[in-house]
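All remarks here apply to the structure that follows.
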Amino acid sequence: MPVERFYSPQEFTPQQNLVLEETEFHHLAHVVRIQVGEEVELVNGAGALARATVRTLQKKSATLEIIAVSKQQPAQREVILAQAVTRLSRLDFILEKGTELGMTQLWLFPGDRSDRKGINEVQVGRMAAVTIAAMKQCGRLFLPKIVLKEALARWEIPPYVSFFGDVAPEAPGITQFLQQQLQKDVLFYIGPESGFSDNEQRELQRLKARGVKLHSNILRADTAALVALAAITVP
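Residue numbering for the sequence shown follows the working numbering, starting at 19 and increasing by one per position.
So this is what it looks like as structure tokens:
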């Protein structure tokens, strides 16, 4: 893992010159104060990692020359978190920690009991910035996708092994099922702070999701998301 890593969403080619602007330039020039001639690493969020040298620094941009490129294959399976919309601060936390834990997609849907029902473009941009920062920090080369979905009643049955966090005392523990599904794509549903409504629980049954217990205590949405992702992704 390099000391400094920057994000540029494009294909990388050796000897290519590319320009960093805006947020990434500001971080390079004014936060960590990289100088001309220093070497950094670049990621594109699609599996490519490049070593590059800073060639010029202007007032609002930096030009870098790529020295070498390596590529990583995508994860062997999808790990998708379907999260009912909750407070933005909690979503930021879920995105940051989910990125670190190997989440490949975050699906956001309006829950019957969600405090807020929608996410606007500005908020999506903010959440994307959170995932980029987390990706650079944790050493990942693939950026998780953020997908805005409709209410559960409008979903078709997803082609994934599906679970949801169930607070019923008789719900089985998550680990006994995951041991049987280690190599399969997994979709895990998390409700809002107040939990799933009765209608949503019926919809989850229609969507072939199995209710599992994450903990003996009732967890907040962001805690539940992390427990589920850790159970799915940690060997």
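Glycine residues also receive a C-beta, built at the ideal position from the N, C-alpha and C atoms.
**Request:** Alpha carbon to alpha carbon, how far is Val230 from Glu221? Give it in angstroms, no decimals.
**Result:** 16 Å
**Request:** List the whole-angstrom C-beta distance separating Glu114 from Val148, where the pair is believed to meet the contact cut-off of C-beta under 8 Å.
**Result:** 6 Å
**Asked** Are the region 91-110 and the region 122-140 touching by the rule of at least three beta carbon pairs closer than 8 Å?
**Response** yes
**Item:** When Ala64, Gln219, Thr41, Thr117 are compared against Ala186, the one with the closest alpha-carbon
**Value:** Gln219
**Identity of the residues DSSP links to Val185 by a beta bridge** = Val185 is not bridged to any residue.
**Asked** Among residues of its own chain, excluding the 5 on either side of Met108, which ones have a beta-carbon nearer than 7 Å to its beta-carbon?
**Response** According to the sequence provided, residue 108 is Arg. The question's Met does not apply to it. Result list for Arg108: Ala239, Asp240, in chain order.
**Item:** Nearest candidate by alpha-carbon position, reference Asp203, set Ile84, Glu188, Met121
**Value:** Met121
**Asked** Whole beta strand (DSSP E) runs in the region 115-139 with 3 or more residues, listed along the chain?
**Response** 123-127
**Request:** To the nearest angstrom, report how far apart His45 and Ala243 are at their CA atoms.
**Result:** 30 Å
**Asked** Under a three-way DSSP split, which group does Ile52 fall into?
**Response** coil
**Item:** Whole runs of the alpha helix (DSSP H) within the region 57-91, excluding any shorter than 4 residues
**Value:** none
**Item:** Which of helix, strand or coil DSSP assigns to Lys163
**Value:** strand
**Message:** Measuring only the C-alpha atoms, how far is Gly213 from Gln223?
**Reply:** 15 Å
**Item:** Bounding residues of the alpha helix (DSSP H) (the contiguous stretch that carries Phe101)
**Value:** First, the residue type needs correcting, since residue 101 is Gln and not Phe in the sequence shown. Looking at the DSSP string, Gln101 is not in any alpha helix (DSSP H); the run it does join, the beta strand (DSSP E), is 97-102.
**Message:** Buried or exposed for Lys77, going by 16 or more other Cβ atoms inside 10 Å?
**Reply:** exposed
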